[in-house]
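For the sequence shown, numbering that gives the first Met the number 0 assigns the number 0 to the initial residue and increments by one for each residue that follows.
Just so you know, even glycine gets a beta-carbon here, dropped at the ideal spot from N, CA and C.
Structure first, commentary second.
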Amino acid sequence: MESVPDDLKEVLAPNEQVQLYIRQKIYHPKINIDSVVITNERIILRHPHAMRLRKDYTDYNYQDVSNVVLDKGILRSTVRCTLRLGGEPLALGDLPNSEAEKAYGLIRENLVRYQSPFAAPQSGIPPFRQTAAPSAFAPGTCSKCGAPLGAGQKYCGSCGAPV
């Protein structure tokens with residue numbers, strides 16, 4: 000992996016880590032992209048202009064990406080990210096197959112981490128569990144599901160939890 004330029008390092012958040020840096024001409028509809036940075040939090044596209052004296056950045060959080068597809072060719076591949084808000088998909092095209100496979104794997108891994116906390120155990124990431132405190136429900140309700148309880152009930156009629 001090439002070293003990340005200093006201007007990109009300044010754009011990163013304090014805990015953000017670069018996982019893959021691809022420096023190459025990648026053509027997206029109407030946008031000339033100089034390089035792509037895949038981090039643990041987002042995908043950053045670097046746009047040069049004014050004879051490479053100025054650069055603009057576009058970033059896509061993994062929460063904004065709904066799916067990623069790898070279109071593998073003989074020598075070159077395209078990674079397409081479908082966005083939740085609609086519009087044209089983010090296309091990272093004309094990538095060497097090895098870099099496209101790395102990018103696809105990293106994006107897929109980060110999508111699992113940021114979007115589906117209940118499916119995360121398959122990837123080795125601990126699941127997100129939200130537990131309700133027993134005091135969250137009013138007296139006379141089940142402490143597990145919140146269903147109303149009748150007088151003298153020993154078990155909840157909805158979930159079967161002991162009262």
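Cβ shell of residue i (< 7 Å), same chain only, five flanking positions each side left out
i	result
proline 147	Gly139, Thr140
asparagine 39	Glu15, Gln16, Gln18, Asn109
cysteine 155	Cys141, Lys143, Cys144, Ala146, Leu148, Val162
arginine 70	One detail in the question is off: residue 70 reads as aspartate in this sequence, not arginine. Ser76, Thr77, Arg79.
Limits of the unbroken beta strand (DSSP E) element including residue i
i	result
alanine 90	89–95
valine 78	75–82
Same chain, Cβ closer than 6 Å to residue i, five either side skipped, listed in chain order
i	result
valine 68	Arg79
glutamine 129	Its pLDDT being 48, under 50, glutamine 129 is placed unreliably in this model, and the coordinates cannot settle the point.
serine 65	Thr81, Arg83
serine 157	Cys144, Ala146
alanine 150	none
glycine 72	none
First through last residue of the alpha helix (DSSP H) which encompasses residue i
i	result
lysine 71	Element bounds for lysine 71: not the alpha helix (DSSP H) but the beta strand (DSSP E), 64–71.
lysine 54	Counting along the chain, lysine 54 falls outside any alpha helix (DSSP H), though it belongs to the beta strand (DSSP E) covering 53–60.
glutamate 9	5–10
Beta-carbon proximity of residue i to residue j, cut-off 8 Å
i	j	result
aspartate 58	histidine 46	no
asparagine 60	arginine 41	yes
leucine 105	isoleucine 37	yes
lysine 171	aspartate 5	It is not possible to answer for residue 171, since the shown part of the chain is limited to 0 through 162.
tyrosine 113	glutamine 62	yes
leucine 91	valine 35	yes
Sequence-distant residues of the same chain with beta carbon closer than 8 Å to residue i, five excluded per side
i	result
lysine 29	Any reading at lysine 29 needs caution, since the residue's pLDDT is 48, under 50, leaving its predicted position unreliable; the model's value is listed next. The answer is none, since no qualifying residue turns up.
serine 122	Residue placement at serine 122 is flagged as unreliable, the pLDDT there being 49, under the threshold of 50; a coordinate-derived value is accordingly withheld.
glutamine 152	Val162
proline 95	Leu74, Arg75, Ser76
glutamate 9	none
alanine 160	Cys141, Ser142, Lys143, Cys144, Tyr154
contact_flag[the stretch 12–21, the stretch 71–85] where n(CB pairs < 8 Å) is 3 or more: Touching, no.
Does the stretch 138–146 come close enough to the stretch 97–105 to have 3 or more Cβ pairs within less than 8 Å? no
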